[in-house]
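Protein chains in written order, with full-length UniProt numbering: chain Y, 1 to 456; chain B, 1 to 456. Built from N, CA and C at the ideal position, the CB exists for glycine as well. The structure appears right after this line, and notes come after that.
Protein chains: 2
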Amino acid sequence: MKKLALSLFLFTAFLQAQTQDEQMLRKLYTTALTDSKCYAWLEHLSNTIGQRMSGSDGAAKGVLYTQKELEALGLDRVFLQEVMVPKWVRGAKETAYIVDKKNKTEVPICALGGSVATPKQGITAEVVEVHTLKELEILGEDKLKGKIVFYNRPMEPENIDAFVSYGRCGDQRRAGAMEASKFGAVGVIVRSLNLRSDDFPHTGATSYGDLIDEQKIPAAAISTNGADLLSRKLKANPHLQFYMKLSCQSLGEVLSHNVIGEIKGTEHPERIMVVGGHLDSWDLGDGSHDDGAGCVQSMAVLEFFKKLQYKPKNTIRVVLYMNEEFGGKGGKKYEELSKANNENHIFALESDAGGFSPRGFSFECDDANFAKINGWKPLFEPYLIHNFFKGHTGSDIHPLTSEKIVKAGLRPDSQRYFDYHHAANDTFDAINKRELELGAATMAALVYLFDQYGID
Amino acid sequence: MKKLALSLFLFTAFLQAQTQDEQMLRKLYTTALTDSKCYAWLEHLSNTIGQRMSGSDGAAKGVLYTQKELEALGLDRVFLQEVMVPKWVRGAKETAYIVDKKNKTEVPICALGGSVATPKQGITAEVVEVHTLKELEILGEDKLKGKIVFYNRPMEPENIDAFVSYGRCGDQRRAGAMEASKFGAVGVIVRSLNLRSDDFPHTGATSYGDLIDEQKIPAAAISTNGADLLSRKLKANPHLQFYMKLSCQSLGEVLSHNVIGEIKGTEHPERIMVVGGHLDSWDLGDGSHDDGAGCVQSMAVLEFFKKLQYKPKNTIRVVLYMNEEFGGKGGKKYEELSKANNENHIFALESDAGGFSPRGFSFECDDANFAKINGWKPLFEPYLIHNFFKGHTGSDIHPLTSEKIVKAGLRPDSQRYFDYHHAANDTFDAINKRELELGAATMAALVYLFDQYGID
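See the structure below:
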């Protein structure tokens with residue numbers, strides 16, 4: 001009888017908790033959809049400030065604006081963290097032509113982030129098309145010296161998660177120039193990491209590794225339509241030439257900032273839960289999806305808690321990281337200072353996959369915590385959030401280490417992300433207000449649940 | 001021991017079936033994402049043919065084009081079904097002004113489908129803003145006679161499924177004119193059924209019920225921004241006037257067609273499984289999402305089966321219905337002829353909720369079949385299809401009755417649908433190729449499973 005009473009008590013407690021959690025999630029989603037500033041914040045970041053490339057005026061304006069808006073939320077603390085970031089500028093718009101006998105066909109290209117410029121008059125060379133970095137070894141210096149290497153491995157359309165396709169092609173952009181240089185190539189062009197056929201070249205960081213300046217060769221992305229055209233023309237005339245001119249340059253390091261705001265925990269103020277995105281963007285569009293969306297969603301998590309007068313047990317901190325795109329200095333600096341200050345992070349959530357309809361989260365955690373998270377699935381189902389899996393969470397929270405920490409990444413619908421990613425069309429008109437807000441609510445729901453129930 | 005052997009046998013059979021089904025679904029999704037015509041079909045329907053309003057040249061061209069494309073698939077039979085449809089034309093672009101003392105402010109409106117025109121010089125009257133049809137009774141003829149009734153109940157932003165919000169506002173558009181006429185109103189304007197603040201008026205059918213011609217009053221939709229402006233101005237000046245001019249007219253009934261193609265069943269050719277969308281659209285955009293997407297996805301289901309040389313047990317029929325938007329004559333005619341021909345339909349699936357990322361299906365079926373469907377969930381999970389629920393499936397398959405029939409509606413992500421629905425921005429550029437293809441694959445997967453395992 002005692003046992004039955006205990007069971008009943010526990011069952012009732014369980015039901016009440018369920019009901020409380022259900023109510024809290026409903027409040028979070030309703031607040032997001034009816035009474036959040038997150039869309040207006042993004043409108044300002046995107047349309048008034050514009051691109052926020054590391055070290056740019058836009059980035060500095062983004063820091064001041066988000067600091068001011070966080071202060072207006074009445075948080076317990078808002079502050080900046082100094083961080084030195086590399087500054088690279090694109091210079092004049094790039095030009096490129098396919099030179100096929102007497103015909104010149106212009107194609108859309110853009111310099112990859114970190115690339116060196118071409119000489120002022122540009123470079124002209126024959127083109128060698130490859131699909132993998134390994135092919136370079138087979139071809140050797142013999143076939144590659146003095147040539148432009150054209151990396152043309154497309155993203156695989158058959159994967160359901162577009163990030164899987166992205167992951168399998170990224171080496172061309174990140175390491176293509178460094179590797180081709182070793183075989184005497186004079187430049188590289190890389191098929192844009194885009195699943196769609198269009199005319200937008202997609203930039204992104206390239207690395208020269210340990211190469212000395214003399215070995216660095218210019219690297220550009222070409223639009224998917226441009227890549228297809230070049231590939232077709234190469235089949236007809238393997239000796240056609242490619243002309244490109246890049247005017248970009250690296251300007252050393254400059255001072256920038258991470259922006260941080262927090263609500264102090266009522267029970268465990270020393271336990272920190274981070275929610276964040278990155279404030280810097282590429283320079284071609286205005287970085288609405290990458291990652292203005294993640295910034296305003298992270299800010300909105302604290303906005304919702306303030307509006308709903310939710311007093312977290314743990315300290316909830318929003319961090320807008322600087323320089324994710326181009327060195328990740330903000331994430332590293334945050335971790336460095338966290339270590340120096342003996343901070344204890346129990347949880348970190350990043351939104352850096354676009355402001356699309358949320359589908360779930362990726363997690364880096366042990367099995368016990370993953371089981372716990374899966375136990376919360378019924379709470380998320382009314383909001384059509386189902387997709388919980390273990391995998392990469394976020395570049396900015398990656399450096400964070402603690403003995404015990406659960407990391408999570410918001411996983412929105414991935415189908416449209418690479419239409420915009422790192423390209424001139426990553427602009428505010430590509431944002432749907434409701435999708436953005438639903439993502440913010442979904443993040444807040446996860447933060448709430450971990451705040452309530454802790455990590456194992 | 002015998003029992004164990006039997007268990008092992010059953011378990012192995014189960015695993016093999018699972019594996020076969022898993023493989024078939026993977027093939028369907030890969031075919032959709034790499035080797036389908038569905039996006040090219042929609043491009044033609046939208047950009048070359050354009051709007052396909054019932055009774056229009058575009059609708060006739062749509063019939064011929066889809067018939068030809070279905071024939072090119074090498075189906076067992078492609079045919080047309082004659083159906084008489086109402087023809088209504090918009091005429092000259094509508095104009096409307098808020099007349100506030102001496103200031104005229106133009107606002108975007110469009111006639112509702114089926115509306116009568118205003119007199120040539122337009123109408124000008126004071127405006128009474130209401131939020132429900134019931135308010136008319138409270139206000140009475142006293143307050144409404146000679147006035148324009150302005151229905152301004154917005155779609156609720158807090159619902160996760162945007163169709164729920166749509167359902168709760170549709171009465172204003174469908175019945176608003178009929179009801180206001182009974183109280184002597186001279187016209188109605190209806191807030192567009194759109195969750196976003198923008199300048200697109202959204203049309204849609206309105207009904208006068210049994211009203212005689214003299215009682216029919218002109219009815220227009222106003223954009224959400226226009227509605228908000230009018231409401232604000234009315235608060236400042238309740239006696240402002242509204243001017244509108246509509247030039248639409250009804251031109252009786254004309255001959256049109258449903259387009260049908262089928263693959264004959266190998267085991268039960270007499271059992272018919274229908275998959276369809278509606279070929280007609282509204283006239284403001286080109287009907288890419290509503291419902292060009294549903295048509296090409298339905299065609300693609302048969303395309304995939306032909307490409308994969310899948311021989312269905314039951315007859316699989318694609319039906320492109322005519323006149324869903326404006327009377328539903330195609331769906332009714334299909335059912336009428338099906339009855340006359342003693343056809344046995346066991347399953348019907350409609351896609352009429354936009355070409356967005358698929359999330360699941362709604363079902364009209366008994367509990368046994370719903371349990372069976374839920375048993376298939378693990379097969380759909382790799383494709384992020386989770387949302388199976390009982391509810392409205394599709395207007396065109398609604399008339400279909402059989403003793404035993406399972407009906408299903410594809411449920412794509414609903415967040416963006418009402419940004420475009422029935423408006424001038426429902427155009428091809430709002431379609432994402434991958435989202436469209438994923439929807440088609442998801443439909444094919446469900447058709448395959450019901451074909452394999454039948455209905456209970």
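C-alpha distance - residue i paired with residue j, whole-angstrom precision
i             : j             : result
residue 49/Y  : residue 365/Y : 37 Å
residue 36/B  : residue 61/B  : 22 Å
residue 266/Y : residue 341/Y : 20 Å
residue 143/B : residue 321/Y : 59 Å
residue 89/B  : residue 325/Y : 53 Å
residue 172/B : residue 96/B  : 19 Å
residue 413/B : residue 355/Y : 14 Å
residue 38/B  : residue 296/B : 5 Å
residue 51/Y  : residue 344/Y : 34 Å
residue 282/B : residue 427/B : 11 Å
residue 298/Y : residue 377/B : 32 Å
Contact with chain Y by residue i, beta-carbon distance below 7 Å
i             : result
residue 357/B : yes
residue 69/B  : no
residue 94/B  : no
residue 199/B : no
residue 378/B : no
residue 34/B  : yes
7 Å Cβ cutoff, residue i in contact with chain B
i             : result
residue 160/Y : yes
residue 448/Y : no
residue 435/Y : yes
residue 386/Y : yes
residue 432/Y : yes
residue 215/Y : no
residue 19/Y  : no
residue 31/Y  : no
Among the options, nearest to residue i - alpha-carbon criterion
i             : options                       : result
residue 110/Y : 261/Y, 121/Y and 93/Y         : 93/Y
residue 404/B : 348/B, 443/B, 436/B and 227/B : 348/B
residue 372/Y : 270/Y, 455/Y and 440/Y        : 455/Y
residue 207/Y : 368/Y, 76/Y, 174/Y and 446/Y  : 174/Y
residue 200/Y : 441/Y, 425/Y and 251/Y        : 425/Y
residue 28/B  : 446/B, 159/B and 168/B        : 446/B
residue 154/B : 148/B, 67/B and 164/B         : 164/B
residue 84/B  : 218/B, 123/B, 251/B and 32/B  : 251/B
residue 21/B  : 418/B, 375/B and 316/B        : 375/B
residue 158/Y : 78/B, 232/B and 31/B          : 31/B
residue 177/B : 232/B, 222/B and 188/B        : 188/B
residue 205/B : 221/B, 103/B and 358/B        : 221/B
residue 442/Y : 395/Y, 127/Y and 379/Y        : 379/Y
residue 45/B  : 287/B, 423/B and 386/B        : 287/B
residue 318/B : 277/B, 384/B and 291/B        : 277/B
residue 308/Y : 117/Y, 444/Y, 42/Y and 152/Y  : 444/Y
Chain-order list of residues whose beta-carbon lies under 6 Å from that of residue i (same chain, five-residue window excluded)
i             : result
residue 335/B : 399 and 400
residue 391/B : 362
residue 136/Y : 179 and 183
residue 150/Y : 127, 129 and 189
residue 226/Y : 107 and 108
residue 406/B : 347, 365, 369 and 455
Contact set for residue i: own chain, Cβ-Cβ below 7 Å, skip 5 residues either direction
i             : result
residue 224/Y : 191, 192, 194, 196, 197 and 198
residue 24/Y  : 448
residue 81/B  : 257, 258, 260, 333, 334 and 337
residue 146/B : 125, 184 and 186
residue 370/Y : 363 and 390
Exposure label - residue i; buried when at least 16 CB within 10 Å
i             : result
residue 513/Y : The question about residue 513/Y has no answer, for chain Y in this structure spans 1 to 456.
residue 279/Y : buried
residue 293/Y : buried
residue 271/B : buried
residue 263/Y : buried
residue 303/B : buried
residue 132/B : exposed
residue 285/B : buried
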